[in-house]
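What follows is a set of notes on a single structure, which appears directly below.
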Amino acid sequence: MPRSWSTTQSLSRSGSPPMSPTTARLSVSPSPLTRRSPFPKRLPSSSNSKASSTTRWLVSTAANTGPLKPPAASVPHDDEWHYMLSTQFESCDARRAFPCFDEPNLKATYDLDVEIPVDQVALSNMPVKEIKPSKEGWHVVSFETSPLMSSYLLAWAVGDFEYIEQLTDRRYNGKQIPVRVYTTRGLKEQGRWALQHAPKIIDYFSEIFDIDYPLPKSDLLAVHEFTHGAMENWGLVTYRTTQVLFDEKTSDSRFKNSVAYVVAHELAHQWFGNLVTMDWWDELWLNEGFATWVGWHAVDHLHPEWEVWSQFVNEGMQNAFRLDGIRASHSIHVPVRDALDVNQIFDHISYLKGCSAIRMLANHLGVETFLKGVSNYLKAHAYGNAKTKALWDALTEASGKDINEIMYPWISKIGHPVLTVEEKPGQIAIKQSRFLSTGDVKPEDDTTTWWVPLGVAGKKGEAGVADLSLTKKEDTILDIDEDFYKLNSGATGFYRVAYPPSRLAKLSTQLDKLGTEDKIFTLGSTADLAFAGNSSSSALLGFIQGFQKETHPLVWSQVLDCIRELKSVFEEDKEIKKGINNFTVKLISDKVKQVGWEFPEGEDYLGGILRKELLLSALSAGHPEVKAEGIKRFNAWVENPEANPIHPSLRSIVWRAGLADNAARNVEVLKKEWFSTKAIDGKLIALSCLATVEDADLIKNNLVPFNFNSSPPQNSVPAADMHVLGGNLAAHPTGRTIQWDFMKNNWDLVAAKLGNPIVVDRFIGLSLKPFTDVAIIDEVEEFFKDKDTNSFNRTLETAKDRIRGRAAYKKRDAAALKQWLSTNGYN
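For the sequence shown, this note's numbering begins at 482 and goes up steadily by one.
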């Protein structure tokens, strides 16, 4: 039970054994000791319990327009900090709030009563049924009975909330459904962007699933200091503020995309996860992999101009490949032993590899056929539970293909294949083998044979893409055009392709024949193969040179990502770092001049993204004009922020330029901005910029303590945001070394501040994975040998594997890379 909320509860289960539908009645009231307020006067910024948490917001900066009304009198506060409450029960924390059978396949209906001060608002999964006075200044809010559902989806929230509302266009049982975005006082207008999307998404999913939205209302709640990105509580979805709020005047435009997608992802769960729930946590991917795919599918439907599938290939697939390419990874369908094990599989495998596998299958079957099978699956198991096989059976019936056989290796086995291509006159021989980023595949690692959709373009006699699949370890494709061919057209298959070096060189001169996804995929494959030793970093840079005149923003994102990753491995060698920086400046200078610093009226979304990406990379590489302009803008902003505002999407560049110019002074400027910013995304952007400081004394004496202090609030990062500063500090050698030393010397303080097991797990992974020295692995193992690592043992192993891969890459390629940079005039 959370420290900040006392409860009196009764629970009854009626009429049937545990596996049958049951009813739970909950009554939540304050204890007599806290009768004046549902919270004590002074509260921690967040609770270590995930069952519920109090979260704070700074009232003086809550509103962005107009005078701010004072908070409700009963809201607890510490000076300017005020508090709200919301629950977070997934995975196994409902049992910490009330007695229950807390497993996904033991569903019940719920009746909830909450006693609150009359000047606050209570929310739950269902609409309010009635409100009755209790004591002076208090009343009891009763909610309608929930549908049959899993305990982890129950939710309630209490706070000084206000809302904006829009009805769905479709009618459900003759009525339009009210959709509301709730926020703490002063922020509701920043929910407009989410509200523009949520009703449309509900209607769209009702249409493509051929099942009406199951509840009488849909609430979206912005939660301050939320450890998660969002949570799909049925009818009351909770969101981190940056994932549901957006302000055209103050928000980075990138959050437009993020908010639209996260809203779609969580609303997809209202069917896939809530209406039909995985049978046990080992099937978590059924919830998350599908919601990821259909969330992007919905955003693509609403915003085709964003080209979100190209974005997914650039970001989502790449992150999935990175985790799936190490020996310590796990299969999509993964055995789960206990609650701490569940927390660790909310990762890139369950979400992004799961999405990639579904995208591959949907493309193979055709999206319409795929969604027909999904609809049949949802109808057959509505208000119940299901396993992966049930989905495969429904898709088999819809498509006439044996989906169980096709997908079994993808779901049940660890890893993914790399297809090695050997060219012969008029044909290519293809061999599949497991890809490991450490480059040390052993016979026992390579026992899986995947079904691989080849997506061959350039086969003679085929007008488009040949519908061919690889179902064995090796095969030969005849009638190949020797001038041009490609595999995995559209990057719909989850695998890597190793072309012969001569073919890769030729493709760099044939970029006009590659689509956007093809370019992104081929760049990613080339980078991963260089990392693993199947190719080389010099071959990667040679290939990248062909993209100097590229025009597509998302292809540029992949180019710059490849360079950043290469630099992160080799930057401890100052000569190589200088050479990569010089390479970057030459590559992007013309494009930087073309895009400039200004945002033209009516510019499309992707154009703005390209400007930010290019300027950030130029600044990082030491581009002199970009650095000078960034410093100029920073100093003008410091002198008079109102007269010299920074465009929201340029804050990262300008703030980093200021820190690079005068870190000692400007760290304090950015910390002050972090504390007082009125922009909903301002805190996260300030933290990510602060982490770029490379001055050892500032990191040791200022930034690391700032991250790990517990108080006061103005000098302590909340636990839910610590990964932003910590993860970015770990991205450069000075920061990660000092931070790791602090963690070793102050582990009790670190563990206490991080608190929540999910937060600990996330921070461990981000802080350790960037190391490039195998000796650190010995340090890690020695340090944690007598510590309780049950909440992050999987992540610890993946971090060590990642370090092994980075260290091997650095040792193997450093000399050749240095020589290539020198020979080509970059040193």
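The beta-carbon is built from N, C-alpha and C at its ideal position, and this holds for glycine as well.
Residue state for Asn738 is assigned as helix, using DSSP reduced to three classes.
Three or more pairs of CB atoms, one per stretch, sit closer than 8 Å, so the region 976-983 contacts the region 1002-1012. For the pair Asp700 and Tyr742, the CB atoms are not nearer than the 7 Å cut-off. The continuous beta strand (DSSP E) containing Ser699 extends over residues Ser699 to Val704. Close CB contacts of Glu670 within its chain, under the 6 Å cut and outside five residues either way in sequence, are absent.
For Asn714, the number of other beta carbons within 10 angstroms of its own is at least 16, and it is reported as buried. Your pair Thr1158 and Lys1164 checks out as a contact, with CB atoms roughly 6 Å apart and the cut at 8 Å. Close CB contacts of Trp762 within its chain, under the 6 Å cut and outside five residues either way in sequence, are with Val817 and Val823 (chain order). Taken in chain order, the region 1172-1215 contains no complete beta strand (DSSP E) segment of 3 residues or longer. With fewer than 16 other Cβ atoms from the protein chains shown falling within 10 Å of its own Cβ, Ile612 counts as exposed. Within the region 880-928, complete alpha helix (DSSP H) segments of at least 4 residues are found at 884-893, given in chain order. Asp600 is a Cβ neighbour of Ala553, given a cutoff of 7 Å.
Pairing Ile1127 with Val1135 gives a Cβ-Cβ distance under 7 Å. Pairing Lys588 with Ser631 gives a Cβ-Cβ distance under 7 Å. Counted as a single uninterrupted DSSP element, the alpha helix (DSSP H) harbouring Lys1113 occupies residues Pro1105 to Glu1120.
The C-beta distance from Pro628 to Val660 rounds to 18 Å, too long to meet the 8 Å contact threshold. The continuous beta strand (DSSP E) containing Arg721 extends over residues Leu717 to Arg721. Counting only residues of its own chain and dropping the five nearest sequence neighbours on each side, Asp733 has a CB closer than 6 Å to the CB of Pro1129, Ser1130 and Asp1162. For Gln657, no alpha helix (DSSP H) encloses it; the enclosing beta strand (DSSP E) starts and ends at Lys656 to Thr665.
Straight-line spacing of the CA atoms in Met1203 and Ile813 works out to 28 Å. Closest in C-alpha terms to Tyr653, from the list Gly618, Ala675, Glu617 and Ile692, comes Ile692.
Secondary structure in the region 810-872: the beta strand (DSSP E) runs of 3 residues or longer, each lying completely within the stretch, are 865-867 in chain order. Of the candidates Leu1097, Ile1057, Ile1090 and Lys1058, the residue whose Cα lies closest to the Cα of Ser1070 is Leu1097.
By the 16-neighbour rule on beta-carbons within 10 angstroms, Ser810 is buried. Ranked by how close their Cα comes to the Cα of Lys1055, the residues Leu900, Trp932 and His1213 have His1213 in first place. Counting along the chain, no alpha helix (DSSP H) covers Lys610; the unbroken beta strand (DSSP E) around it starts and ends at Val609 to Pro614. In this chain, the alpha helix (DSSP H) harbouring Val1241 covers Pro1238 to Leu1249. In the three-state scheme derived from DSSP, where H, G and I count as helix and E and B as strand, Gly797 is classed as helix. Beta-bridge annotation (DSSP): Glu646 is paired with Arg661.
Per DSSP, the beta-bridge partners of Ala938 are Val946 and Lys967. By a beta-carbon distance limit of 8 Å, Arg1137 contacts Leu1100. Their separation comes to about 6 Å. Per DSSP, the continuous alpha helix (DSSP H) segment holding His678 begins and ends at Arg673 to Phe690.
When C-beta atoms of the region 827-835 are compared with those of the region 750-767, three or more pairs fall below 8 Å, so the two segments count as touching. Here Ala1177 is exposed. Its C-beta has fewer than 16 other C-beta atoms within 10 Å.
Of the candidates Gly1083, Phe1064 and Leu1277, the residue whose Cα lies closest to the Cα of Gly1103 is Phe1064. Pro598 and Ser623 have their C-alpha atoms roughly 14 Å apart.
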